[in-house]
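Enquirer:
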Amino acid sequence: MSKLEVVNYIIENKKIPQEFNDYVIVQISDLHNKSFGKNNINLINKIDQISPQVVLITGDIIDGENKNFQVSLDLLKDLSTKYKVYHITGNHEQKALVKRYKKLYEEYFKKLHDLSAIHLDNEKVQIKKGNSHINIYGLTIPFGYYKYLFDKDKSTDLEENFLQKNLPFINKNEYNILLAHTPFYFDDYEKWGGDLILAGHVHGGIIRLPIVGGLLSPNRKFFPKYDLGKYDKNDSTMIVTKGLGGSKVLFRINCKPEIVKITLKSKNY
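Taking UniProt numbering, the leading residue of the sequence shown gets 1, the next gets one more, and so forth.
1) Would you mind sorting Gln-70 into buried or exposed? The rule is 16 or more other CB atoms within 10 Å of its CB.
2) Using the Cα positions of Val-85 and Arg-208, report the straight-line distance between them to the nearest angstrom.
3) Do Glu-93 and Gly-59 count as a contact pair if the criterion is CB distance below 8 Å?
4) Would you tell me roughly how many angstroms separate the C-alpha atoms of Pro-218 and Asn-131, rounded to the nearest one?
5) Taking the straight line between their C-alpha atoms, what separation do you get for Leu-121 and Pro-210?
6) Using three-state DSSP, classify Phe-150 as helix, strand or coil.
7) Pull up the DSSP beta-bridge partners for Ser-236, would you.
8) Tell me which residue opens and which closes the alpha helix (DSSP H) that Ser-266 is part of.
9) Just to confirm, does Tyr-83 get its C-beta within under 7 Å of one of the non-hydrogen atoms of the ligand SAH?
10) Using a Cβ-Cβ cut-off of 6 Å (strictly less than) and excluding sequence neighbours within five positions of residue 271, which residues of its own chain qualify?
11) What do you get for Pro-257, buried or exposed, if any count of 16 or more other CB atoms within 10 angstroms of its CB means buried?
12) On the DSSP letters alone, give me the boundaries of the alpha helix (DSSP H) that Glu-93 sits inside.
13) Under three-state DSSP, which class holds Phe-223?
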């Protein structure tokens with residue numbers, strides 16, 4: 001059994017309302033159908049110990065190489081009975097849909113609609129407390145942007161103003177959280193106006209080396225720029241999680257599966 005670790009971040013921002021001071025978020029990502037104990041009981045217990053106000057899932061909860069989606073359905077069903085749960089599409093959800101198991105994935109997605117977990121597909125939701133709120137946006141990046149090293153067309157730059165064209169209007173005077181599966185477009189996320197960006201995809205680099213950091217990237221490149229941890233640019237902060245599972249490369253070295261706990265702090269409090 002893989003040992004799970006909980007990684008803690010405290011995020012301070014003057015735009016966080018006082019009502020959201022000490023608001024606790026759990027981020028999980030890249031489960032890839034992995035189970036931590038029977039019915040993921042160890043993962044669920046860890047999250048229950050944190051007791052978050054909301055659970056945010058940043059993609060690849062399923063594995064595009066595996067047609068059994070029941071692991072993720074069972075997990076979402078359990079979590080959504082206890083917490084607000086929002087999740088987005090990663091490249092593996094898209095792979096299952098467009099390349100592998102289209103009918104099965106469509107059935108899976110219909111079952112998701114019966115759960116309380118909410119899928120954000122280029123959509124926004126407001127989380128309210130008292131008379132205040134924060135915004136959560138869920139970004140879907142099309143499968144074609146997830147390029148591999150030897151693809152003939154290796155251009156992976158997002159179309160200009162991609163986020164502005166695809167996401168609802170952003171009020172930059174409010175606190176805005178963006179769920180984005182891949183961290184590689186941090187410059188675009190910052191330009192758009194995200195205060196806190198939550199991402200995964202890179203699996204921490206799979207093999208972590210002292211000083212250097214993560215070795216491997218899902219796009220088959222060495223030493224990914226954004227592999228793990230907290231990154232800041234101007235007024236934007238991005239947290240990249242190692243995630244929980246893996247696809248094809250199933251082992252990890254010095255790279256434990258993790259749950260991210262985020263505590264918001266209002267600078268006005």
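All residues carry an ideal CB built from backbone N, CA and C; glycine is no exception.
Expert: So, from the data block:
1) exposed
2) Note on geometry: alpha-carbon atoms of Val-85 and Arg-208 lie some 30 Å from one another.
3) For the 8 Å CB-CB criterion, Gly-59 and Glu-93 form a contact.
4) 42 Å
5) The amino acid at residue 121 is misidentified as Leu; the sequence shows Asp. Each residue's alpha carbon lies about 37 Å from the other.
6) With a pLDDT of only 46 at Phe-150, under the threshold of 50, the placement of this residue in the model should not be trusted; the figure read from the coordinates follows. Residue state, collapsed to three classes: coil.
7) Lys-233
8) Going by DSSP, Ser-266 is part of no alpha helix (DSSP H) but of the beta strand (DSSP E) stretching over 258–266.
9) Among the ligands in the structure shown, none appear at all, so the ligand SAH cannot be discussed.
10) Residue 271 lies beyond the stretch modelled for the chain, which goes from 1 to 269, so this question has no answer here.
11) Answer is buried; the Cβ neighbour count reaches 16.
12) 91–95
13) When DSSP states are grouped into helix, strand and coil, Phe-223 belongs to the coil group.
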